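Enquirer: The structure under discussion is supplied below as structure tokens; questions concerning it will follow.
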Amino acid sequence: MIEGILIGLTTALTFQNIFMVMIGCFFGTIIGMLPGLGPMTAIALMIPITYGFDPATGLILMAGVYYGAVFGGSTSSILLNAPGVPGTVATSFDGYPMAQQGKAGKALAIAAWSSFAGGTLAAIYLLFLAPSLSKVSLSFRSPDYFALMILGLTAIAAFSSKGQFIKAMMMVILGLMLASVGQDSLSDITRFTFNNMNLTDGISFVLVVMATFAMSEALTIILKRNDPTAAAKQVSLTELGSIRINKEERAKIIPRTSIIGFIIGVLPGAGATIASFLAYGMERNFVKDEEKEKFGKGSVHGLTAPETANNAACSGAFVPLLTLGIPGSGTTAVMLGALLGFGIQPGPRLYMTNPEIFWSVIMSMYIGMVILLILNLPLIPYIARILAVPKNYLIPLILFFSITGIYVMSFNNFDIYLMIGIAVVATFMRLYDFPMPPLILAFVLGGLMEENLRRSLLLSDGSWTFLWDRTLTACILATTILIVGWQIYKTFKSRKI
Amino acid sequence: MNINTTKIISLLFFIFSVFYLYTAYQIQVFAFDENAPFNARTFPIYLGYAGLFFSGLKLILPDPNTIKVEHKTLEYKKTGILVLIAIIYGATILKVGYFLTTSFFLIGSYYFLGERRWLLMFMLSFPFVAAFMYLLHGVLDIYLRDPFLKLIGVMG
């Protein structure tokens, strides 16, 4: 492991990679701040640029964008009560009341320190857990992988949208259907191309991400007449108050909430949103009655807990990606897609075949956390001014980055039309609360899922008994059945009420 | 049964799944692969049935969390114009080139979204695109096809 850490440090501490972490954190913070534009949009917009770098640098840049966006989301939660990302909704419960009491600077400082501590601790857990899990996951066979992918897709559908499990499952199926377009990986037989040569290689992953996130989010903002920056005009961003905090305010809570956040982040489909809510709820139960009364009115505990947990969950989400090659969230699915674009297959062998990527990402997390703290704490009042950028400029620039991203990849009009078409459909579906992250995860996993199902069925001579022949597969499948069962139970329970 | 837009979307998805399933059955596989436990059409067929199952379920089950969208409040005109500008941008980018089309796309989008500060619009289009092109083409070495700049001798 020491050797790996050294490899990681050597790669992560190059001038270029440190610079990339800085750019990633800065850009991520800005995008994350803008309500409605989350880490997936930020990473999607960065993908075309990452193709100009080597894979390690590209992934380091995307990781920087990821935790930058989560931190940026907390800034708009605190200042405007408008969470930039779902993972920072719980932050606004106590962060915004603090800002209203004239303690915005203090709230932002607590958020920055908590994010730093949560992220750093989680990176340490990742450092110890990832190599061990990589070794364990070497024993995984195709049926286990297939079952694990079913679990991941079911879990993300279950957690992505409250009470919308069937809708989310429809999006999963749609994602898998889109992934099936193009040549079959084994036989090279073309499927669903309708004799269109542009579809022979399938639909580009970047195209689907740009269309369903960046572009459709921009169109949704216009369609709904939302102005993500309007609230900023009502707030004086330069009068934030003191950013001084004392140790007591951040000491006890951080270790326990970082563990919760990390564990939730590792679980497929869960992620920063659930982690932050769970940490908030748990902390409320832990504190004395006197402190409990302060929750929702500007409690330091209530702000520290979700902020620590959501950043810890971001690091946790890298565990299944790096060790199993299976992303646990929409954001890490985007990263997996980008890695596949580099020709790198994350998974248990990544640890051996590309140690520089595996370790440099983990090491860059520490550097990223330090940079986030250095960058955000003193620069918050200035960065927050970005919230005042009018949407008349913001939206065209998002569309410009999206179309450029596709243009530089294919130099093909058809891809631009296809992206616009998918974006329009996605915009319409968003209006009716059809969640997009399950679609992306399914699209990324589609090829791998088919490959593992193929192997499993061929090995078992066409019999579906492979699903319960191995204990591990059966356990994973049982968990999936439990999740589905729980969703069905909840659906019927809500109908009775 | 109460018909709402979510149900209509589910019905469209159901029809799409029928079409997908039909197309999946039409996939030509090699003769020796026809009766294999798994071939190029196996996975799409499962997906087609799964699509029918979930969209059918959404159609049949009552929807307690009905989402109502106030269509009158939606900004269809501006959204439509933006989509149209994007289509024109896509249609001209290869022939005219990246620099000109992107700059005009940005100016057009700013204008139709209600911006009238021409100097700012100009600054955030032509010079901005030039700087971005330099970043991609000059710094990151990402090739950008531009017949117009090639014609006037700016790009090699």
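Top to bottom, those sequences are chains A and B. Sequential numbering of the first sequence, starting at 82, is according to this note's numbering. Sequential numbering of the second sequence, starting at 3, is according to this note's numbering. Cβ atoms here follow ideal geometry from the backbone N, Cα and C, with glycine treated the same way. The structure presented is a predicted model; accordingly, all values stated were derived computationally and were not measured.
Hey, quick one: how far does the alpha helix (DSSP H) through R147/B stretch, first residue to last?
Expert: Here the question's residue 147/B lines up with position 145 in the second sequence. Here R147/B belongs to no alpha helix (DSSP H), and DSSP marks it neither H nor E.
Enquirer: Could you tell me the alpha carbon to alpha carbon distance between L146/B and L54/B, rounded to whole angstroms?
Expert: For the purposes of this step, residue 146/B is identified with residue 144 of the second sequence, where counting begins at 1. For the purposes of this step, residue 54/B is identified with residue 52 of the second sequence, where counting begins at 1. C-alpha separation (whole angstroms): 43 Å.
Enquirer: Return the residues of the segment 68 to 98 of chain B that lie within a Cβ-Cβ distance of less than 8 Å from chain A, sorted by chain order.
Expert: Those residues of the segment 68 to 98 of chain B that come within reach of chain A (Cβ to Cβ, closer than 8 Å) are I69, V71, T75, L76, E77, Y78, K80, T81, L84, V85, A88, I89, Y91, G92, A93, I95 and L96.
Enquirer: Could you give the C-beta distance for N457/A and A193/A, rounded to a whole number, given that I count them as a contact under 8 Å?
Expert: Taking the first sequence and counting its residues from 1, one reaches residue 457/A at position 376. Taking the first sequence and counting its residues from 1, one reaches residue 193/A at position 112. The Cβ separation is near 5 Å, so the contact holds.
Enquirer: Using the three-state DSSP reduction, which class does M3/B fall into: helix, strand or coil?
Expert: Residue 3/B sits at position 1 when you count from the first residue of the second sequence. Unreliable placement is indicated for M3/B, whose pLDDT of 48 sits below 50; no coordinate value is reported for it.
Enquirer: Using the beta-carbon count (16 or more within 10 Å), is T444/A buried or exposed?
Expert: Residue 444/A sits at position 363 when you count from the first residue of the first sequence. Before going on, a small fix: residue 444/A reads as Met here, not Thr. Its Cβ being crowded by 16 or more others within 10 Å, M444/A is buried.
Enquirer: Counting only beta-carbon separations shorter than 8 Å, does N98/A have a partner in chain E?
Expert: The structure shown contains no chain E; the protein chains it does contain are A and B.
Enquirer: In this structure, what does DSSP give as the bridge partners for Q264/A?
Expert: Counting from one through the first sequence, the residue named residue 264/A turns up at place 183. T271/A, per the DSSP bridge assignment.
Enquirer: Check the Cβ of P46/B against every Cβ in chain A and list those closer than 8 Å, keeping chain order.
Expert: Along the second sequence, read from residue 1 onward, the residue named residue 46/B stands at position 44. Those are M258, S261, R272 and F273, listed as they occur along chain A.
Enquirer: Which residues, taken in chain order from the segment 115 to 128 of chain B, show a beta carbon closer than 7 Å to some beta carbon of chain A?
Expert: If the cut-off is 7 Å between Cβ atoms, the segment 115 to 128 of chain B has L115, G116, E117 and L126 near chain A.
Enquirer: Counting only Cβ pairs nearer than 8 Å, list the residues of chain B close to S268/A.
Expert: As a position in the first sequence, residue 268/A is number 187, starting the count at 1. Near S268/A (Cβ distances below 8 Å), the residues of chain B are V31, F32, D35, N41 and A42.
Enquirer: On the three-state DSSP scale, how would you describe R513/A?
Expert: On the first sequence, position 432 is the one that residue 513/A refers to. Residue 513/A is actually Tyr in this sequence, not Arg. Note: Y513/A maps to coil in three-state DSSP.
Enquirer: Output the residue ranges of the alpha helix (DSSP H) runs that lie fully inside the segment 410 to 439 of chain A and measure 4 residues or longer, sorted by chain position.
Expert: 411 to 422 and 431 to 434, all fully within the segment 410 to 439 of chain A.
Enquirer: Given that D148/B touches chain A, what residues does it touch there, using C-beta distances under 7 Å?
Expert: The sequence position of residue 148/B within the second sequence is 146, counting from 1. Residues of chain A passing the Cβ test: none, with the nearest at roughly 11 Å.
Enquirer: Decide if the segment 373 to 384 of chain A is in contact with the segment 172 to 189 of chain A; the criterion is three or more beta carbon pairs, one per stretch, under 8 Å apart.
Expert: Yes: at least three Cβ pairs fall under 8 Å.
Enquirer: Are the C-beta of K9/B and some C-beta of chain A separated by less than 8 Å?
Expert: Taking the second sequence and counting its residues from 1, one reaches residue 9/B at position 7. It does not; no Cβ of chain A falls within 8 Å.
Enquirer: Would you call the segment 519 to 537 of chain A and the segment 210 to 230 of chain A in contact, with 3 or more CB pairs under 8 Å?
Expert: A contact exists between the segment 519 to 537 of chain A and the segment 210 to 230 of chain A.
Enquirer: Which same chain residues end up closer than 6 Å to F343/A when comparing Cβ atoms and leaving out the 5 residues on each side of it in sequence?
Expert: Within the first sequence, the letter at position 262 stands for residue 343/A. So the list reads A203, Y206, A393 and G397, once near-sequence residues are dropped.
Enquirer: At the 8 Å Cβ level, is Y447/A part of the contact set with chain B, yes or no?
Expert: Taking the first sequence and counting its residues from 1, the one referred to as residue 447/A is at position 366. Chain B, which has no Cβ nearer than 8 Å to the Cβ of Y447/A, makes this no.
Enquirer: Spatial neighbours of G528/A within its chain, please: CB distance less than 8 Å, with the 5 preceding and 5 following residues excluded, ordered by chain position.
Expert: Taking the first sequence and counting its residues from 1, the one referred to as residue 528/A is at position 447. Within the same chain, G528/A has close Cβ partners A260 and S266.
Enquirer: Going along the chain, which residues of its own chain have a beta-carbon closer than 6 Å to the beta-carbon of F273/A, five neighbours each way excluded?
Expert: Indexing the first sequence from 1 puts residue 273/A at position 192. Excluding residues within five positions, the ones whose Cβ falls inside 6 Å are V262.
Enquirer: Give a yes or no on contact between the segment 563 to 574 of chain A and the segment 37 to 47 of chain B, applying the rule of three or more CB pairs nearer than 8 Å.
Expert: Verdict: no, contact absent.
Enquirer: By Cβ distance below 6 Å, which residues in the same chain neighbour M3/B in space, the five residues on each side in sequence not counted?
Expert: One-based indexing of the second sequence puts residue 3/B at position 1. Its pLDDT being 48, under 50, M3/B is placed unreliably by the model, and the measurement read from it follows with that caveat. Within the same chain, M3/B has no close Cβ partners at all.
Enquirer: Please name the residues in the segment 504 to 516 of chain A whose beta-carbon is closer than 9 Å to at least one beta-carbon of chain B, in chain order.
Expert: Those would be A504, V505, T508, F509, M510, L512, Y513, D514 and F515, in chain order.
Enquirer: Quick one: list the residues of chain A neighbouring G140/B, beta-carbon separation under 7 Å, in chain order.
Expert: Looking up residue 140/B in the second sequence gives position 138. Result: empty, since nearest Cβ-Cβ is about 11 Å, beyond 7 Å.
Enquirer: So, using beta-carbon positions, are S297/A and A504/A closer together than 8 Å?
Expert: Here residue 297/A refers to the residue found at position 216 when the first sequence is read from its first residue. Here residue 504/A refers to the residue found at position 423 when the first sequence is read from its first residue. Contact: yes.
Enquirer: Just confirm the distance between the C-beta atoms of N98/A and T138/A, as a whole number of angstroms; I'd bet it's less than 8 Å.
Expert: Here the question's residue 98/A lines up with position 17 in the first sequence. Here the question's residue 138/A lines up with position 57 in the first sequence. Right, the Cβ-Cβ distance comes to about 6 Å (below 8 Å), so this counts as a contact.
Enquirer: Hey, could you find the ends of the alpha helix (DSSP H) G200/A is sitting in?
Expert: Indexing the first sequence from 1 puts residue 200/A at position 119. Per DSSP, G200/A belongs to the alpha helix (DSSP H) from A185 to S218.
Enquirer: Comparing the C-beta of D175/A with each C-beta of chain B, is any distance below 8 Å?
Expert: Here residue 175/A refers to the residue found at position 94 of the first sequence. Chain B contact via Cβ: absent.
Enquirer: When Cβ atoms are compared, which residues of the segment 490 to 501 of chain A fall closer than 7 Å to chain B?
Expert: Flagged, chain order: F492, N494, I497, Y498 and I501.
Enquirer: Does L548/A come within less than 8 Å of chain B when only Cβ atoms are used?
Expert: The sequence position of residue 548/A within the first sequence is 467, counting from 1. Closer than 8 Å: no.
Enquirer: Ignore the nearest five residues each way along the sequence and tell me which others in Y112/B's own chain have a CB closer than 6 Å to its CB.
Expert: Working through the second sequence from its first residue, we reach residue 112/B at position 110. If we look at Y112/B and ignore the five residues flanking it on each side, its Cβ neighbours are M123.
Enquirer: If G119/A sits next to A150/A, beta carbons under 8 Å apart, how far is it from one beta carbon to the other, in whole angstroms?
Expert: For the purposes of this step, residue 119/A is taken as the residue at position 38 of the first sequence. For the purposes of this step, residue 150/A is taken as the residue at position 69 of the first sequence. Yes, G119/A and A150/A are in contact; Cβ-Cβ is about 6 Å, under 8 Å.
Enquirer: Going by beta-carbon coordinates alone, are A236/A and L548/A separated by less than 8 Å?
Expert: Along the first sequence, one-based indexing puts residue 236/A at 155. Along the first sequence, one-based indexing puts residue 548/A at 467. Result no, Cβ atoms of A236/A and L548/A do not sit closer than 8 Å.
Enquirer: For F107/A, collect the residues of the same chain with a Cβ closer than 7 Å to its Cβ; drop the 5 residues on either side in sequence, then sort them by chain order.
Expert: For the purposes of this step, residue 107/A is taken as the residue at position 26 of the first sequence. If we look at F107/A and ignore the five residues flanking it on each side, its Cβ neighbours are G149 and L456.
Enquirer: Can a CB atom of chain B be found closer than 8 Å to the CB of E531/A?
Expert: Taking the first residue of the first sequence as 1, we reach residue 531/A at position 450. E531/A counts as touching chain B.
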